[in-house]
Each structure stands twice: as C-alpha cells, then as structure tokens.
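Colleague: Residue numbers (the working numbering): 8 to 244. Glycine included, C-beta positions come from ideal geometry on N, C-alpha and C. Note that the structure is predicted; figures quoted are calculated from it, not measured.
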C-alpha cells in the first residue's frame, strides 16, 4: 500500500510538492524517505525536477546534489552554500541569484543562462558548462580548476581574486568584462575572443592555444601583457 501511495503522490503533486519541501528546507530528507518506499530508479524517474521554477526563495544550505534540474528556472533566489555537486542545470536559467559558497563540483551547466548572479567562494571544479551564457555574473574567490567553459559567452562579467588551473575557455567570447587579480595556469584558450575587457591584472602562465585567439583595441592591458598574449598565440583584432 505504501508503494502505491508513494507512486500516486509523486505523479499527482509534482512540482507543488517539491516547492513545499523546498520552502521547508527539507527536500533531501523527504527524498530519502520516498526512495525508501519504492525502487530507487523508479522514484528517480517519477520525481522529475526538470523545468522546475523557483522564484524569490531564501534557502541556505539546500542540498540538490545529483538532482536533474534540466531546463529549470531560478529567479531572485538567495541560495548560499547550496550543494549542486553532480547536478544537472543544463539549459536552465538563473537570474538575480545569490550563490555564495555554492558547491557545484562536477555539475552540468551546458547551455545554461546565468544573468546578474553572484558566485562568491563557489566551488566550480570540474564543471561542464560548454555553450553557456553568462551576463553580469560576478565570480569572486571561486575555484574553477579543470572546468570546461568551452564555447561560452561572457558579457559584462567580473572575475576577481581567482587562481585557476587548467580551465578550458576554448572557443569562448568574453566581452566588456574585467579581470582583477586573476591568475590562469595552463588554461586552454584556443580561439578565445576578448573584446573590450579590462586585463591589466590578469596573469597567464603557460596558456594552451591550438588555434589563435584574439583581443581588440578596446581591451585594457599593459604592453607586457600584450606581448605575453601575442607570444602565446593571440592576435590583435
């Protein structure tokens, strides 16, 4: 009887139930309970978090690790210390969200769109974010080593106090963004386009370029930095 009830409960209430659990801050506890009532895989399929919409919620320490949030929308949410390790937010939209100290290790942000979001002290190691769009996003004191941001668009973003290793930015376009006290070691920058960026405090160590990148006249950088970029394989546009 418990199994039948859990199946009907999950299929009938869907997102309304999830929102209630989120507001209580007890989603992970309830998920564990539901999984104990039935076959794990079957419940995973029925408890579908794709295309979920969360608006103006204040939920510190929320645990959504390993969850499938593909195509979801998070707008105006304050989510400090949120755990998204291994979760999928591919093709999702995050607008005006506070994600301080977020744990997104190995997460999937491919094709996602982030606008006016703050990522301070976030752990983005190993994130897959190919083809994502970042507009007015603030990255500060984050770890993003071995993360893939290939084919992304960054518009009016701020990168500050970052020391990153083996970050993949190949084929990406970064426009009207600022780099403040940023150190990139072994970054993959093949085909990277820099437009109107503030690069005066960007340090590059052994960048990897299989094909030329470019920077335009609107970029602010020192003569020494320009020499480093050209030597690495960048061209002045």
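May I ask you to report which of helix, strand or coil DSSP gives residue 148?
Modeller: In the structure shown, residue 148 sits in coil (DSSP, three-state: anything other than H, G, I, E or B).
Colleague: Enumerated in chain order, which unbroken segments of the beta strand (DSSP E) with a length of 3 residues or greater are wholly contained in the segment 110-161?
Modeller: Segments of the beta strand (DSSP E) lying fully in the segment 110-161: 120-122, 125-127, 140-142 and 145-147.
Colleague: Is residue 167 helix, strand or coil when you go by DSSP?
Modeller: In this structure, residue 167 counts as strand in the three-state DSSP scheme.
Colleague: Distance check for residue 73 and residue 48, CA to CA, integer angstroms please.
Modeller: Since pLDDT at residue 48 reaches only 41, below the 50 mark, its modelled position is unreliable, and no value is offered.
Colleague: Does the Cβ of residue 218 have 16 or more other Cβ atoms within 10 Å, making it buried, or fewer, making it exposed?
Modeller: Exposed.
Colleague: Comparing C-alpha positions only, which one of 70, 227 and 113 sits nearest to residue 207?
Modeller: The residue with the shortest Cα to Cα distance from residue 207 is 227.
Colleague: Quick one: which unbroken beta strand (DSSP E) runs of 3-plus residues sit fully inside the segment 172-205? Chain order, please.
Modeller: For the segment 172-205, whole beta strand (DSSP E) runs of length 3 or above, ordered along the chain, are 180-182, 185-192 and 200-202.
Colleague: Thinking just about the alpha-carbon of each residue, which of 175, 149 and 169 is nearest to the one in residue 139?
Modeller: Taking only the C-alpha atoms, the option nearest residue 139 is 175.
Colleague: Could you tell me whether the Cβ atoms of residue 171 and residue 191 are closer together than 8 angstroms?
Modeller: Yes, Cβ-Cβ distance for residue 171 and residue 191 is below 8 angstroms.
Colleague: Give the secondary structure of residue 1 by DSSP, where H, G and I count as helix, E and B as strand, and everything else as coil.
Modeller: Shown here, the chain extends from 8 to 244; a query on residue 1 therefore has no answer.
Colleague: Less than 8 angstroms between C-beta atoms, sequence neighbours within five positions excluded: which residues of the same chain meet that for residue 95?
Modeller: Answer for residue 95: 74, 75, 76, 77, 114 and 115, listed in chain order.
Colleague: Given that a residue counts as buried once 16 or more other Cβ atoms are within 10 Å of its Cβ, and exposed if not, what is residue 98?
Modeller: It counts as buried.
Colleague: How about residue 194 and residue 221: do their beta carbons lie closer than 8 angstroms?
Modeller: Taking 8 angstroms as the Cβ cut-off, residue 194 and residue 221 do not qualify as a contacting pair.
Colleague: Check the C-beta distance from residue 127 over to residue 147 and give it rounded, since I have them as a contact under 8 angstroms.
Modeller: Yes, residue 127 and residue 147 are in contact; Cβ-Cβ is about 5 angstroms, under 8 angstroms.
Colleague: Count the other CB atoms, across all protein chains shown, that sit within 10 Å of the CB of residue 237; report buried if there are 16 or more and exposed otherwise.
Modeller: Per the 10 Å Cβ criterion, exposed.
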